Structures are given as C-alpha cells and as structure tokens.
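Enquirer:
There are 2 protein chains.
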Amino acid sequence: MKAEIIAVGSELLTPDCLDTNSLFLSERLTEAGFRVHLKTIVGDVHEDIAGAVRAALGRSDLILLCGGLGPTEDDLTRTAVATVLGRPVAIDEGILQTLRERFAARGFRMAKINERQAELIQGAEVIDNPLGTAPGMWIEEKGRHIVLLPGPPREIKPMLERTVLSKIRSIAEGERLDSRCFHVTGLTESELDSRIAPIYTAYPDVNTTLLAGTRHISVKLCRWTKSGETTSKLDELAGLIQAELGDSIFSARGEFMEEVVGQLLKRSGRTLAVAESCTGGMLGMQITRVPGSSEYFLGGVICYSNEAKMKLCRVPREVLHKHGAVSAEAAEAMASGVREALNSSIGISITGIAGPGGGSREKPVGLVYIGFSDGNHPESRHRIMPGDRDSIRERSVYLALSWLRRKLL
Amino acid sequence: MKAEIIAVGSELLTPDCLDTNSLFLSERLTEAGFRVHLKTIVGDVHEDIAGAVRAALGRSDLILLCGGLGPTEDDLTRTAVATVLGRPVAIDEGILQTLRERFAARGFRMAKINERQAELIQGAEVIDNPLGTAPGMWIEEKGRHIVLLPGPPREIKPMLERTVLSKIRSIAEGERLDSRCFHVTGLTESELDSRIAPIYTAYPDVNTTLLAGTRHISVKLCRWTKSGETTSKLDELAGLIQAELGDSIFSARGEFMEEVVGQLLKRSGRTLAVAESCTGGMLGMQITRVPGSSEYFLGGVICYSNEAKMKLCRVPREVLHKHGAVSAEAAEAMASGVREALNSSIGISITGIAGPGGGSREKPVGLVYIGFSDGNHPESRHRIMPGDRDSIRERSVYLALSWLRRKLL
C-alpha cells in the first residue's frame, strides 16, 4: 500500500533546514508494510498545505503530515486539512483540560494562545503527545487515512511507537520489508564493497546498500516479503556476509560503538576513565549517552590547557616541554594519569589538533593521538583525520572507542 | 516569483537518504529573486514524475527537476516531462557527438545505452554539463520555465554557475529576500510570541517565524524587497522587536550561546572551568566547538561517579552523604572545587538525573542543578527538564551556558 509524507514548515524551504523526520518515518512505515512513494515539503501557507493534501488523497492510502500544529498564527495544518475535508474544527474540552494540567505541572499558566492546540477536526481520533503540547490526529476519509503529527522528532517518535504504528499495521496488507543491518568498522567503503559485492550480487531480490558516515559504515540488506513467505533468502545472505567480515562487524543489531564498548566493559567487570584534550568532553559525552553507563564509567578530565594536563592527569612538565601536548608521549601519560587519578581499570586519552588554526608542517590540523593504559606499559596510536573541526573531533572519539573495543575483545 | 524543486530518485525515499541538492538550489534561487514555495520528492516512476510536473505547471513560474537523466532504464525524467508537455523526444546529433568525444577523451568507447543521454525534448535548450555525461535542458512552456538538471551535486553546481543562474536572473523581476534573525533565551515559545505578536502583526509584508529547538528559540524576519526599494520596513520591525526583548536576545547575528559566552569571557579576561556529572562532558564539548576557546577555557572534570566528585573536584564526602550527588550543595561544591583545582576565574557545574532510571519522588528524572562559583559565595539553581535522556542533557548544558551569560553581562 502507498504512503506519502507531507512536511509542513516554511523553515524547511530555506537553505538552512531539511525535513529529516521523513527518514525515520519512512523506516517505520516500510517495516509496517507501506511504501513511501512521494514526499512534499510545503511552507506555512494555507493553500499550499491544502493543495498537497488534496493531491495526496487522490494517490495514496496513507498520508502523514508533520508540523504546523503549534499554537501560533503560522500553524495552519489543522485548518488546511479541515478545509480540504470540508469538516469543522472545534475546541475539544478533554484536550484543553490535559493541556492546562501539563502547563500547571511545570509551574506555568497556560497562555490563551495555546488553546488553539486543543482544536480537533470533526471525526478525528486524538493521538496523545506525551512530550509536547500539540496532540496528533488520525482521520479516516473514504478509505484513506490522514495522520497529523507535530514537527519535533522527539515528540513524533513516542507518538509513533505508542499509537500510530499499531494502527498503521492494522490497515497494511501483510506485505512487509524485512531487513538486516551490520555496523562495520576498520574498513574503507571500497575495501568493504570489494569484499562483499561478489556475495550480494548473487541475491538480486535483496536490496543491498552501503552507507558511510563520519563514524562507521552500515551494510543494509532489505527484501519485501509477502504475508506467509519466509525470510530465508535474506538470512542466507546475511550469514554469508557475516562469515566474510567476521569481527569487522561490531553490531548486527544496530547498536552504536559506545553501546558495544559498554557491554564489553560490563561483561569483563572493568571500569573506564577518560582524558580529553581536543575533543573537550565529547568522548565522555558519547560514553554517557548510554543509560546505565555509570556501572563502568567513572569519569574523566577535560585537560584543554597544559596546566590542566599537569594538574588533573599528572602529565609531567618535561613530556609537554620535550614532545608537546600533541604527541604519543603526552597521550600515553594522559591515559595512565587519569587511570591512576580515578583508580579505574582502563584509561583512554585523546590529544590532537582539531583546527582550523594551530597546525604546522610537522603537526598538521587533523593529527590526533589516542592513548591507552590498563596498568601495563601504556600504548598510543595516531592518525591524520580529514574534514573540519567538528568531523575531526567526531572521528577521534570514534577511533578511541573502536580501538578500545579491539582491546576488550 | 515562485519556484519549486522536484527531486527525482527512488533512493531519496529510503530511510538512508535525503535530497540535499535543494539546500544550495534554494539559496541560489532566493538570491536570484525566486521564492522556493514547494519541494516534491518522487521515485523513478513515470507517473509520479509526470504528476509532479503537471501540478507544478499550475502553480510555479520556475520548475527545477534534479535527477533521472542518467543512461539506465530507471532514468525517466526526460520522457515524463516530454509526456506532460506533449512534445516528442529525439536524439540530438550535436549532444551525441559531444558524448562520444568525452568518452574517447577518457579512453573509453561509449556504450549503446549512453545514447539515451543525447535525447532532447523538442524545443529545449541544451545546458552543458562539464563534469558529467547527462546534459541539462531549459524549456519554456506558456510563460513557465522548466529546468532539467542531473542528480549529483558536483555536476549541478557548475551548471548553475555557468549557465542556469544568469538565465534565472534574467527572468526574475529584480526582487530579493532580506532577512534578520534573533536568537532568544529565557522565554517559552508562547511567552515570546505573546510579547512580539502585537508588534509583528502590524508588518504583514514581513514574514515572521518562530522556531523553537531544544536550545534557544529563533525569531526570523524575512521580507521580499523589490529592485530599488530599501529595507527600512524590515529594519523598523527588527528595531521594535529588539527594544521589546532587550537582553533576552543573545545574538542578532546567528551565533550560538557558546560563541556569545566565549566572546564575553574573552572581553572580560576571565577563564572558565567546568565540572560535569550527568552531562558527561557535553558542556566542555560544546564550549570547545568554538575555535580559539583555549583562550578562556582551561578544562574541567567529568565526575560521573561519587569517587570522581571527591577526588577530582574536592566535593566533601559529608555533602554527598547528607544531600546526595544531585543537590544544590553538591553543585556548588563541584563549581568551587573545579575552579580551585584549575585556578580559573569561574567554575560552573552540572549535576542531575538524566534518566531513564534513577529518579524518585523527591528527585525525579529531569531534575538538574547548575552550580556557579567565581570566588564569592557559590550559587546554584535547579530546574526539572522535560524530555528524554538526550534532551535533558542538552537542555542542561544550554541552561548552564545561558546562566553564565547572564552572570557575565
């Protein structure tokens, strides 16, 4: 069955902003049995929203609109959809009550303007929005389904999981997209492709995609399966790829590197501390994105200045003086120092030149050292990372985590 | 005048891929005097491309199609556009010759399949593609303009600069988009709107948009200015909004909070150190996103565990024992402790419960304390943040920076 997505918001038509909601929406819709065959992006303009909805009703079974449900005058999705359907809009007392309670719980009085968010299109079913003030709506119109969702991804996601997806599955016809995804580390995109292309080309009904990010590469296998059909072809190909790549695959379940490292630390009963210079806290931030990371992560130091390197992680002044802050010796001293300071099993460090300034012929922008200490003789490795300041820092954090995984395997 | 963009390619409808061409296309079109009022993304499906072109001809002066000009069977843009216009398509001997020469120059013989790329829609003007094999086309149809471009950004960009933009400017009417943007802090979206709506509604020809992120709210003012007209109306409204909001506006030049805080620190000659618990390094990471932040940022500690709080930033055991790690007392001790440890002018700290676990009735998930110390008696504030783990952490970092700015003003 056919789905289409209409993203509403004038900001989505500017050079600074893209509709990214459609990425996870497409993913979840496809899993539920709908093919997304068209996307439209319109501004906060009544006629444009109405025109897009009118066109969609003529060609799609399911229409998802995101955005334009806020309280202000330029939030026009409710009224545009109501106009197309020829249905009235009215304040719903239940929603109004819920909204008032939400504001009260946070210690605010609800402004008059927020009452607009309690407007319901006649015949619509309310979709509760646990993380925001704009509730969603589900409307059936002559066998077509229209779903109104707010714009912010963090609000849409729980609404999808709690309410929308089960309703979508119930109207789908049993076709579904099965997929497998491998996260791969330590290979370039072309190295990876030359190893697995001879395998996946023998499975033409499986769609195989390689996707390279600043962090890892994903290999995605997808196949449309009819109701009752098995997924054996997909499993067969997945098995062959897994056998070829071995532990270059760090997750077959969509996990990120910090989650995999966390599981390995937990399993081995070891604890971790970090010392960061050019990444300024990004490694610690990444590790602590994982709930429960306090079981193995003790903390660390952000030793941005040389003083901080000496004071917080005991890097000897001579090391900085003789080799510089961006050196194998400094990285190793930082890793040992923070491990001792926090009494952790493992210490890991990052020091480098993230740019744009500060580079030289001997030590160019992008040069990064990773240090590792587990009580034995400390070690380090270095690499020259491509890209801008942000991506040099991201790649450094990823390299540190990836090396840590190898050490823990 | 109105422009719209149609991106063609089934990959643009998958969960892994977005149309990004429209970003730079929108930028260049807007500069040239066209408003991009709609974007459509369609797959490699004849009816869907044709449907999008048909709809566009009814509402836009300029229609840009990207993609679907390759040599393979799923490259359907040429034939779909020709069908809608009712014009024949024929091999153009000139293009064919150029294509053959291009292949020969690279030492290849042109495959039969590539001849499709020499097909020209009747009446179309050829747009040379210096970096690829698919030439573009410019077609005029009853006062509307249709431009066919290939998909790869590196091919589109030189085609725009060399040929397309000058043609676009010649049909535009000398209009241009002027804009102002304010970044606002410390107000909710509805508080902000209720304060400025009475002002901006008096300027109906300025398009005013409010955009709320997990961090600040942006107020964007845009106005189309005709050739020869001044921007005085826009400046007038900007001035009134600035007067109303005062220092709730932290930037009128698009800067982020960490940049503004950095400038204030630099100007006052003061240095900063941070102590982070639940944010795990995110505050340091954010501060060091700014190149040159080493001038005022010395470093900090990630004191995720209680041991780390005691060892790295001298929080007395009694404080943790009596008040807990998430308390005003702990936040203040962390701020003072890190300031003393690094000998900085200011210490700032974050401790809280980012969830999903770890909350209680007295200390719910989302409760976050920010501590501040500048050598006088330390202070703290707390707030209960909404949202999930990621957004609680992001909001906490933002709150810390925002409070720091107030202190520095």
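Chains as they are written, first to last, in our numbering: chain R, 58 to 466; chain A, 58 to 466. Every residue, glycine too, gets a C-beta built ideally from N, C-alpha and C. Every value quoted in this text rests on a predicted model; they were computed, and no experiment measured them.
Of all the options 121(A), 168(A), 287(A) and 125(A), which has the alpha carbon lying nearest to the alpha carbon of residue 67(A)?
Expert: The shortest Cα separation from residue 67(A) among 121(A), 168(A), 287(A) and 125(A) belongs to 125(A).
Enquirer: Would you mind stating whether residue 318(A) and residue 357(A) have Cβ atoms separated by less than 9 Å?
Expert: In this structure, residue 357(A) does not lie closer than 9 Å to residue 318(A) by Cβ.
Enquirer: From residue 249(R) to residue 320(A), what does the alpha carbon distance come to, in whole angstroms?
Expert: Rounded to whole angstroms, residue 249(R) to residue 320(A) spans 45 Å at the Cα level.
Enquirer: Give the range of the beta strand (DSSP E) segment to which residue 147(R) is assigned.
Expert: Taken as a continuous stretch (DSSP letters only), the beta strand (DSSP E) holding residue 147(R) covers 146-148.
Enquirer: Go ahead and pull the three-state DSSP assignment for residue 417(R).
Expert: It is coil, neither helix nor strand.
Enquirer: Looking only at its own chain, which residues have a Cβ that is under 7 Å from the Cβ of residue 363(A), when we skip the five neighbours before and after it?
Expert: Taken in chain order, the residues that qualify are 377 and 382.
Enquirer: Within the 9 Å Cβ cut-off, does residue 176(R) reach chain A?
Expert: With 9 Å as the cut-off, residue 176(R) does not count as an interface residue toward chain A.
Enquirer: Which residues in chain A sit within 7 Å of residue 354(R), going by Cβ to Cβ distance?
Expert: Those are 361, listed as they occur along chain A.
Enquirer: Give a yes or no on whether 9 Å exceeds the smallest Cβ distance from residue 335(A) to chain R.
Expert: Residue 335(A) counts as touching chain R.
Enquirer: Helix, strand or coil for residue 94(A), going by three-state DSSP, please let me know.
Expert: Residue 94(A): strand per DSSP, three-state reduction.
Enquirer: Nearest by alpha-carbon distance to residue 158(R): which of 99(R), 175(R) and 413(R) is it?
Expert: Answer by Cα proximity: 175(R).
Enquirer: Note the first and the last residue of the continuous alpha helix (DSSP H) segment covering residue 366(R).
Expert: First-last of the alpha helix (DSSP H) with residue 366(R): 363-370.
Enquirer: Return the chain-ordered list of same chain residues with a C-beta closer than 8 Å to the C-beta of residue 311(R), the five sequence neighbours on each side being excluded.
Expert: Here the set comprises 238 and 240.
Enquirer: Tell me whether residue 98(A) is buried or exposed, calling it buried when 16 or more other Cβ atoms sit within 10 Å of its Cβ.
Expert: With 16 or more Cβ atoms within 10 Å of its Cβ, residue 98(A) is classed as buried.
Enquirer: Could you tell me if residue 45(R) is buried or exposed, where buried requires 16 or more neighbouring beta carbons within 10 angstroms of its beta carbon?
Expert: Outside the displayed span of chain R (58 to 466) sits residue 45(R), for which this structure offers no information.
Enquirer: When DSSP labels each residue in this structure, what does residue 273(A) get in the three-state scheme?
Expert: Three-state result, residue 273(A): coil.
Enquirer: Find the nearest neighbour of residue 232(R) within the set 218(R), 283(R) and 149(R), judged by alpha-carbon distance.
Expert: Checked all of 218(R), 283(R) and 149(R); the closest Cα to residue 232(R) is 283(R).
Enquirer: Give me the subset of the region 122-151 of chain R whose CB atoms are less than 9 Å from a CB atom of chain A, sorted by chain position.
Expert: Per Cβ criterion, the list reads 127, 128, 129, 130 and 131.
Enquirer: Just to confirm my understanding: we take residue 219(A), look at its own chain, exclude 5 residues before and 5 after, and list those with CB closer than 8 Å. What are they?
Expert: 185 and 187, listed in sequence order.
Enquirer: Buried or exposed: which applies to residue 147(A), given that a residue is buried once 16 or more other Cβ atoms fall within 10 Å of its Cβ?
Expert: It counts as exposed.
Enquirer: What does residue 59(A) touch in chain R if you count any residue whose Cβ is under 8 Å from its own?
Expert: Neighbours of residue 59(A) on chain R: none; closest Cβ ~10 Å, over 8 Å.
Enquirer: May I have a chain-ordered list of the beta strand (DSSP E) segments no shorter than 3 residues that lie completely inside the region 369-414 of chain R?
Expert: Runs found: 403-409.
Enquirer: Check whether the region 341-354 of chain R touches the region 347-361 of chain A, counting contact only when three or more Cβ pairs, one atom from each stretch, lie closer than 8 Å.
Expert: With the cut-off at 8 Å, the region 341-354 of chain R and the region 347-361 of chain A touch.
Enquirer: Quick one: what does DSSP say residue 288(R) is sitting in, helix, strand or coil?
Expert: If DSSP states are grouped into helix, strand and coil, residue 288(R) belongs with coil.
Enquirer: Who are the near neighbours of residue 460(R) in its chain, counting only those whose CB is closer than 7 Å to its CB and skipping five residues on each side?
Expert: Contacts found: 427, 429 and 438.
Enquirer: Residue 304(R) CB to nearest chain A CB: under 9 Å?
Expert: Chain A, which has no Cβ nearer than 9 Å to the Cβ of residue 304(R), makes this no.
Enquirer: Is there at least one Cβ from chain A nearer than 9 Å to residue 161(R)'s Cβ?
Expert: It does not: the Cβ of residue 161(R) has no partner Cβ on chain A nearer than 9 Å.
Enquirer: Using a Cβ-Cβ cut-off of 9 Å, state whether residue 399(R) counts as contacting chain A.
Expert: It does; some Cβ of chain A falls within 9 Å.
Enquirer: Could you check whether the Cβ of residue 463(A) sits closer than 9 Å to any Cβ belonging to chain R?
Expert: Chain R contact via Cβ: absent.
Enquirer: By DSSP, does residue 456(R) sit in helix, in strand, or in coil?
Expert: Here residue 456(R) sits in helix by DSSP.
Enquirer: Assuming residue 193(A) and residue 177(A) make a contact with CB atoms under 8 Å, what is their CB distance in whole Å?
Expert: With 8 Å as the limit, residue 193(A) and residue 177(A) do not qualify as a contact, their Cβ atoms being about 11 Å apart.
Enquirer: Can you find the residues in the same chain that come closer than 7 Å, C-beta to C-beta, to residue 85(A), ignoring five residues on each side of it along the sequence?
Expert: Correct list, in chain order: 217 and 222.
Enquirer: With a 10 Å radius around its C-beta and 16 neighbouring C-beta atoms as the bar for buried, classify residue 294(A) as buried or exposed.
Expert: Label assigned to residue 294(A): buried.
Enquirer: Please classify residue 307(R): does DSSP put it in a helix, a strand, or coil?
Expert: Of the three classes helix, strand and coil, the one that applies to residue 307(R) here is strand, per DSSP.
Enquirer: Which of the three DSSP states is assigned to residue 445(R) in this structure?
Expert: Three-state DSSP puts residue 445(R) in coil, outside helix and strand.
Enquirer: Taking 8 Å as the threshold, find out whether the region 131-142 of chain A comes into contact with the region 100-119 of chain A through three or more Cβ pairs.
Expert: The region 131-142 of chain A is in contact with the region 100-119 of chain A.
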